[in-house]
Amino acid sequence: MEVISGLSTLPLYNETIVNEYMDYQKHLLRIQQKIDGICVEECTAQKLPWMDYLSPTRVFNRVRIISSCYKEIRTLQSKIEHSNALSSKRRSDLMVQLHATEV
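Note that this note's numbering has the sequence shown beginning at 8, numbered continuously upward.
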């Protein structure tokens, strides 16, 4: 962890925040890959005969994949909101500490 020399003893970055951000990026990439897979499958499925296109197995698989994407998006969104709340708490705690040291 680096500090800005001479100006402050506050860290330049918080390692856990950086790691959380990278986890969110990986999660988002997995969701994007699933969406891309759905788009590719849709393009190839348009060439199928209508009976195969509307087959219960294919429809069930598509619903399952789309549902999985929505669940992952909701999970990621709740993690981001939780992280924002923790970051806000950390900032307010740091401000209280700084104010206490100045007084």
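Heads up, the beta-carbon is just placed ideally off N, CA and C, and yes, glycines get one too.
Keep in mind that this is a model prediction, so the values were computed, not measured.
If we ignore side chains and look at the alpha-carbon of each, how far apart do residue i and residue j end up?
i: Arg-98; j: Thr-108; result: 15 Å
i: Val-103; j: Ser-95; result: 12 Å
i: Leu-36; j: Pro-63; result: 29 Å
i: Lys-54; j: Leu-61; result: 12 Å
i: Asp-100; j: His-89; result: 16 Å
i: Gln-84; j: Asn-26; result: 16 Å
i: Met-29; j: Ile-72; result: 24 Å
i: Glu-65; j: Leu-105; result: According to the sequence provided, residue 65 is Arg. The question's Glu does not apply to it. Whole-angstrom Cα-Cα distance: 60 Å.
Might you give, ordered along the chain, the residues of its own chain that have their beta carbon closer than 8 Å to the beta carbon of residue i, omitting 5 neighbours on each side?
i: Arg-69; result: Ile-45, Glu-48
i: Ile-42; result: Cys-76
Give me, in chain order, the residues of the same chain whose beta-carbon lies closer than 7 Å to that of residue i; leave out the 5 immediate sequence neighbours on both sides.
i: Ile-80; result: Ile-38
i: Ala-92; result: none
If you run the structure through DSSP and keep just helix, strand and coil, what is residue i?
i: Pro-56; result: coil
i: Leu-61; result: coil
i: Leu-17; result: For Leu-17, the predicted model reports a pLDDT of 47, less than 50, meaning its position is unreliable; a value from the coordinates is still stated below. In the structure shown, Leu-17 sits in coil (DSSP, three-state: anything other than H, G, I, E or B).
Tell me which same chain residues have a C-beta within less than 6 Å of the C-beta of residue i, skipping the five on either side of it?
i: Gln-40; result: none
Just to check my reading of the structure: residue i and residue j have Cβ atoms closer than 8 Å, yes? What is that Cβ distance to the nearest angstrom?
i: Lys-86; j: Tyr-31; result: 7 Å
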